[in-house]
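Structure first, commentary second.
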Amino acid sequence: MKNKFTKWGDKPYHSLDYYLKNTYGEKIYKIALDAGMTCPNRDGTLDTRGCIFCSAGGSGDFASHGASIREQLENGKKLFRHKKIGSRFIAYFQSFTNTYAEPERLKRLFEEALSESDVVGISIATRPDCISDNMLTRMRRNVSKSETYDLIEKFRQEVPGIHLRTTLMVGFPGETEEDFEELKEFVQKARFDRMGAFAYSEEEGTYAAETYEDSIPQEVKQARLDELMALQQEISADLSHNKIGQEFKVIIDRKEGEYYIGRTQFDSPEVDPEVLIKADGKRLFSGRFYQVRITNADDFDLFGEII
Ligand code: SF4
Numbered sequence: 233m234k235n236k237f238t239k240w241g242d243k244p245y246h247s248l249d250y251y252l253k254n255t256y257g258e259k260i261y262k263i264a265l266d267a268g269m270t271c272p273n274r275d276g277t278l279d280t281r282g283c284i285f286c287s288a289g290g291s292g293d294f295a296s297h298g299a300s301i302r303e304q305l306e307n308g309k310k311l312f313r314h315k316k317i318g319s320r321f322i323a324y325f326q327s328f329t330n331t332y333a334e335p336e337r338l339k340r341l342f343e344e345a346l347s348e349s350d351v352v353g354i355s356i357a358t359r360p361d362c363i364s365d366n367m368l369t370r371m372r373r374n375v376s377k378s379e380t381y382d383l384i385e386k387f388r389q390e391v392p393g394i395h396l397r398t399t400l401m402v403g404f405p406g407e408t409e410e411d412f413e414e415l416k417e418f419v420q421k422a423r424f425d426r427m428g429a430f431a432y433s434e435e436e437g438t439y440a441a442e443t444y445e446d447s448i449p450q451e452v453k454q455a456r457l458d459e460l461m462a463l464q465q466e467i468s469a470d471l472s473h474n475k476i477g478q479e480f481k482v483i484i485d486r487k488e489g490e491y492y493i494g495r496t497q498f499d500s501p502e503v504d505p506e507v508l509i510k511a512d513g514k515r516l517f518s519g520r521f522y523q524v525r526i527t528n529a530d531d532f533d534l535f536g537e538i539i
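FYI, in the numbering used here the residues of the sequence shown are 233 to 539.
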């Protein structure tokens, strides 16, 4: 839809916060969880020291350790009850690499969180952060640029039609113009279906914070961030146009004016394009999936019709 910048509150994009507030009628809070995982950069598979920007708690310093997922959720809810805020939550698997376990164990953990009636979703993520070998080595990521490219290629070969999303970081200490050029080239070549980015900020107690000065000026970080996001916006718009004529499974989120608003099975309610279906025929229900043919696209959204 046009003029979304005003429609999405004070943000120029559709933030998860805004979406959740709109959907549930209240702010949804995250409860940080520690599922007892580690990561290949700490368990000795690749290294034991971890990435240099990661804290001893696996950047999961707000999560309570040792207790079951249910107990941690209960403790988190108590804190919110005490502050008299929040009645619905996101279970945020925060500590270490939260996908570093056998699929059966992951399924058990995620289902345990989702079985709580006041948990409306889970949050999990892993990401490459940077791409130049210079930065990856500096960060002690223990993965190379060519391995990252190969992995993306492998995903696409083994799962045709897979939608890939990622998060990248700009402005890590020592990031040169050349490093940033490589990052832009990565975004152009990988053509992620969705991409987010953020500017580095020091986390107290980490090797990076203790060893390197946060040397990239804030305005340079912001300029790199804006450039990267603008690049991705062009790619996203192009990928959206390529979807015209294709069919997707679409979940309906809400009705707004003369449109039902949904998103494809590959999209989360965060920054992603929506699918607009003219509400002039069959009645559609929020939370249900429908088979939809994409008929048009603009820079932000897809337009479709029920098949
Ligand atoms: S950032 Fe991730 S991969 Fe790196 S040490 Fe921390 S948990 Fe491990």
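Beta carbons are placed, not taken as given, at the ideal position from N, Cα and C, and that holds for glycine. All of these numbers come straight from a predicted model, not from anything done at the bench.
Query, Result
"Cβ pair count under 8 Å reaching 3, the segment 310–326 against the segment 352–359", "yes"
"Exposure of residue 521, with buried meaning 16 or more beta-carbon neighbours within 10 Å", "exposed"
"Pair within 8 Å by beta-carbon distance, residue 415 and residue 467", "no"
"Contact check, residue 329 vs residue 358, beta carbons under 8 Å", "yes"
"Cα-Cα separation between residue 528 and residue 457, rounded to whole angstroms", "29 Å"
"Helix, strand or coil at residue 535 [DSSP, three-state]", "strand"
"Close-in-space but distant-in-sequence residues of the same chain around residue 408 (CB under 8 Å, 5 per side omitted)", "366"
"Among 538, 513 and 267, nearest to residue 333 - alpha-carbon criterion", "267"
"Exercise answer, beta-carbon shell around the ligand SF4 heavy atoms below 6 Å", "271, 273, 274, 282, 283, 286, 290, 291, 328 and 329"
"Validate contact between the segment 274–292 and the segment 249–260 using beta carbons, cut 8 Å, 3 pairs", "no"
"Buried versus exposed call for residue 398 [16 or more other C-beta atoms within 10 Å across all chains shown]", "buried"
"Among 461, 436, 448 and 455, nearest to residue 429 - alpha-carbon criterion", "461"
"Range covered by the alpha helix (DSSP H) that runs through residue 516", "Premise fails: residue 516 is in no alpha helix (DSSP H) and is neither H nor E."
"Residue 394, buried or exposed, once every other Cβ within 10 Å from all chains shown has been counted against 16", "exposed"
"Neighbour-count burial assignment, residue 424, 16 or more Cβ in a 10 Å radius", "buried"
"Under 8 Å between C-beta atoms of residue 439 and residue 538", "no"
"Residue nearest to residue 276 in terms of C-alpha spacing, selected from 374, 312 and 337", "374"
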